[in-house]
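In the numbering used here, the protein residues as written are 59 to 208.
We treat Cβ as the ideally placed atom computed from N, Cα and C, and that holds for glycine.
Quantities reported herein were computed from a predicted structural model and do not represent experimental measurements.
Pasting the structure below:
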C-alpha cells in the first residue's frame with residue numbers, strides 16, 4: 059500500500075492512449091493513487107471528453123502521426139473554462155527532443171515510456187507542485203513499494 063497524502067478530492071486525469079495494453083497499465087497505476095481517470099483512445103475522443111469534464115491534468119501519448127493530435131493539443135493547451143491544464147507528453151517515440159524542448163512547445167513535462175509506477179507517481183507529484191497543488195504521495199520515497207508491471 060502506498061501512503062497517499064490527504065486531498066480534498068481525487069485527482070482527475072485525462073489519458074490519451076491508443077494502445078489497449080498501455081491504457082491498462084496506466085489505469086492500474088492511477089487506480090493505486092485513487093485518481094479519477096478518463097481514457098481516450100484518440101485525440102478526437104480526448105477533445106470531446108476535455109470539453110465536457112474538468113480535469114486536473116492530461117497525459118497525451120504522442121506519435122505525431124496525425125493532424126488530430128496537434129489540433130487536440132492546441133485546444134487543450136488553451137485551457138478549460140478559463141483554467142489551464144498541464145499536459146504531460148507521454149511517449150516511447152524517441153524523436154530526439156529533450157524535456158526542455160517539450161516544455162518550450164507547450165507541454166508541462168515529458169514522461170518517456172515504459173510506464174513504471176514509481177517514476178509516474180514522482181512525475182505527477184512534480185507537476186502538482188509546479189501548479190501549487192498538494193502532492194499525491196506522503197513522500198516520493200514511499201512510492202518504491204508501488205506495484206511493478208511487466
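* Which value, in whole angstroms, describes the spacing of the CA atoms of residue 187 and residue 193? -> Residue mapping note: residue 187 aligns to position 129 of the chain shown, counting from 1. Residue mapping note: residue 193 aligns to position 135 of the chain shown, counting from 1. The alpha-carbon atoms of residue 187 and residue 193 are separated by roughly 7 Å.
* Asked: Any idea what DSSP makes of residue 94, helix, strand or coil?
  -> Along the chain shown, one-based indexing puts residue 94 at 36. The answer is strand: DSSP assigns residue 94 an E or B state.
* Asked: Closest by CA to residue 117, which one among 81, 146 and 165?
  -> Working through the chain shown from its first residue, we reach residue 117 at position 59. The shortest C-alpha separation from residue 117 is found at 146.
* Asked: residue 114 by DSSP, collapsed to three states: which one?
  -> Numbered from 1 along the chain shown, position 56 holds the residue referred to as residue 114. Correct three-state label for residue 114: coil.
* Which stretch, first to last residue, makes up the alpha helix (DSSP H) that contains residue 180? -> Here residue 180 refers to the residue found at position 122 when the chain shown is read from its first residue. From DSSP, the alpha helix (DSSP H) with residue 180 extends over 175 to 188.
* Mind checking residue 81: buried by the 16 CB within 10 Å criterion, or exposed? -> By one-based count along the chain shown, residue 81 stands at place 23. Buried is the call here.
* Residue burial classification, residue 129 (beta-carbon count within 10 angstroms, cutoff 16) -> Residue numbering aside, residue 129 sits at position 71 when the chain shown is read from its first letter. With fewer than 16 other Cβ atoms within 10 Å, it is exposed.
* **Residue range of the alpha helix (DSSP H) that includes residue 161** => Here residue 161 refers to the residue found at position 103 of the chain shown. Per DSSP, residue 161 belongs to the alpha helix (DSSP H) from 157 to 162.
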